[in-house]
Amino acid sequence: MKQAILHAAEGEFGIKGFDGASLIAIAKEAGVTQPLIHYHYSNKLELWNAVIRSLFGTLEEKLSELNSDEMTPQLAQDLDQKTAFAALSQLTGNFIEFSSKRPALAQIMFHEMSNPGIRADFLRKNYVARLENQLRLLTNVATSSNKSKREFSTLFTTYLGACMSPFLHASYIKAETKLDVHTAGVWKEIRQTALKLFA
């Protein structure tokens, strides 16, 4: 039951954002009563936090397939440029595949990070900043251009858009181009586009 609630909540928060999401709609989609949701989660924010932990926890597992170690300045320094670019390419591919399979990630980030507030701060400090740091360390080695954190932050948000926005606009892309963005061939095209940002 708890998993069904989380799954339904992920979809609801993705499509409607936190403010538009309804516990009644989540209960209906999960096939449970609203009191059962309150049994597991005291309020909507606690349920949202559980969805975020689930999404980003699974994303971090997917990205860690690249390397079992958290990327540190020392580990990055030990990589040669070719290996670092291959790692950057693999990380990007894994991120795109995950974004396709779990589109709520892009949807929730779009909803929450477009508006300043406690949820945006929570996402940025606890999850997005870690991903940005990993990417910056790899990029600095892969491109031999040591960008400052400030310089890289703008580039990083553009990179996130390149990786995730096709899944926010999947129906438009399909109508205009007949492409299904949820296929491996299109993932490869998206990855190549995203990596051009670091060329």
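In the numbering used here, the protein residues as written are 74 to 272.
Cβ coordinates follow ideal geometry from the N, Cα and C atoms, glycine included.
Because the structure is a prediction, the values reported are computed rather than measured.
Exercise for the section: Report the three-state DSSP secondary structure of His111 (helix, strand or coil). Expected result: helix
Exercise for the section: Starting from the C-beta of Thr231, find all residues in its chain whose C-beta is less than 7 Å away, skip the five residues before and the five after it, and write them out in chain order. Expected result: Leu270
Practice task
Could you check the C-alpha separation between Ser141 and Arg264 for me, to the nearest Å?
Solution key: Summary for Ser141: the model assigns pLDDT 44, below 50, so the residue's position carries little reliability, and this model does not support an answer.
Practice task
Enumerate in chain order the residues of its own chain whose CB-to-CB distance from Ala103 is below 6 Å, with the five nearest sequence positions on each side excluded.
Solution key: Ala77, Ile78, Ala81
Handout entry: Per-residue DSSP class, three states only, for Phe229
Key = helix
Practice task
Within its chain, find whatever has a CB closer than 7 Å to the CB of Val124; leave out the 5 residues flanking it on each side and keep chain order.
Solution key: Leu79, Ala82, Glu83, Phe86
Practice task
Tell me whether the beta-carbon of Phe209 lies closer than 9 Å to the beta-carbon of Lys198.
Solution key: Here the sequence assigns Arg to residue 209, which means Phe is not the residue at that position. Judged by their CB atoms, Arg209 and Lys198 are not nearer to each other than the 9 Å cut-off.
Handout entry: CA nearest to the CA of Thr156, picked from Glu119, Ala215, Ala94
Key = Ala215
Practice task
Decide if the region 236-244 is in contact with the region 166-186; the criterion is three or more beta carbon pairs, one per stretch, under 8 Å apart.
Solution key: yes
Practice task
On a CA-only basis, which of Gly234, Arg192, Val259 is nearest Glu62? Give me that one, please.
Solution key: Any property of residue 62 remains undetermined from this structure, which presents the chain solely from 74 to 272.
Exercise for the section: Sort Ser137, Gly90, Ser95 by Cα distance to Phe168 and report the nearest one. Expected result: Ser137
Problem - Arg126, enclosing alpha helix (DSSP H) - first and last residue - result: That run of the alpha helix (DSSP H) goes 117-137.
Practice task
Kindly indicate the opening and closing residues of the alpha helix (DSSP H) around Phe171.
Solution key: 154-174
Practice task
Provide the residue span of the alpha helix (DSSP H) that contains Val214, from first to last.
Solution key: 202-216
Exercise for the section: Assign Gly190 to one of three DSSP states: helix, strand, or coil. Expected result: coil
Practice task
Sort Leu132, Thr131, Leu96 by Cα distance to Ser115 and report the nearest one.
Solution key: Leu96
Practice task
Give the DSSP-derived three-state secondary structure of Thr250 in the structure shown.
Solution key: helix
Problem - Residue from Asn213, Glu133, Lys117 whose Cα sits closest to the Cα of Ser172 - result: Glu133
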